[in-house]
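Novice:
Residue numbers (the UniProt record's numbering): 1 to 110.
#1: Mind checking whether residue 59 and residue 103 have CB atoms under 8 angstroms apart?
#2: Helix or strand or just coil, what does DSSP make of residue 86?
#3: Using three-state DSSP, classify residue 35 as helix, strand or coil.
#4: Kindly give me the distance between the Cβ atoms of residue 67 and residue 31, rounded to whole angstroms, as I take these residues to be in contact under 8 angstroms.
#5: Determine whether the beta carbon atoms of residue 85 and residue 19 lie at a separation below 8 angstroms.
#6: Spell out the partners DSSP gives residue 70 in its beta bridges.
#7: Can residue 40 and residue 82 be called in contact, C-beta distance under 8 angstroms?
#8: Does the separation of the CB atoms of residue 48 and residue 29 fall below 8 angstroms?
#9: Distance, Cα to Cα, residue 14 vs residue 50?
#10: Assign residue 94 to buried or exposed, taking buried as 16 or more other Cβ atoms, counted over all protein chains shown, within 10 Å of its Cβ.
#11: Buried or exposed: residue 1, going by 16 or more other Cβ atoms within 10 Å of its Cβ?
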């Protein structure tokens with residue numbers, strides 16, 4: 001077993017907090033897709049394969065509340081809404097890329 005220098009306390013585990021925010025099935029795919037730039041709701045819905053409207057709304061609200069995604073509403077008829085990653089959300093991209101690489105190396109054979 002590899003020894004590491006991580007000190008994880010059950011009472012103040014930031015990893016648990018991170019997983020509460022982005023640990024859902026759809027969070028990382030949404031963040032990855034938004035890394036390509038601004039997207040309107042329907043574009044995002046079409047880009048995330050397998051997600052339904054209700055779940056996308058729920059995930060986007062959660063990520064907006066946690067400062068990962070910003071939402072901009074335009075006064076048009078019908079209303080136009082665009083989503084982008086915040087600087088806080090963009091800081092997740094290297095970690096998501098590392099997880100993606102790990103998955104390609106190790107999870108594909110499972």
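Every residue, glycine too, gets a C-beta built ideally from N, C-alpha and C.
Specialist: On the basis of the coordinates in this document:
#1: No, they are not a contact pair.
#2: Correct three-state label for residue 86: coil.
#3: Note: residue 35 maps to coil in three-state DSSP.
#4: About 12 angstroms separates the two Cβ atoms, so there is no contact after all.
#5: Here residue 85 is not near residue 19, since their CB atoms are 8 angstroms or more apart.
#6: According to DSSP, residue 70 bridges with 84.
#7: Inclusion of residue 40 and residue 82 in the CB contact set at 8 angstroms is warranted, their separation being smaller than that value.
#8: Yes, these two residues count as a Cβ contact at 8 angstroms.
#9: Rounded to the nearest angstrom, the two C-alpha atoms are 30 angstroms apart.
#10: Looking at its Cβ environment, which holds fewer than 16 other Cβ atoms inside 10 Å, residue 94 is exposed.
#11: With a pLDDT of 49 at residue 1, under the threshold of 50, the modelled position of that residue is not reliable, and no figure is offered here.
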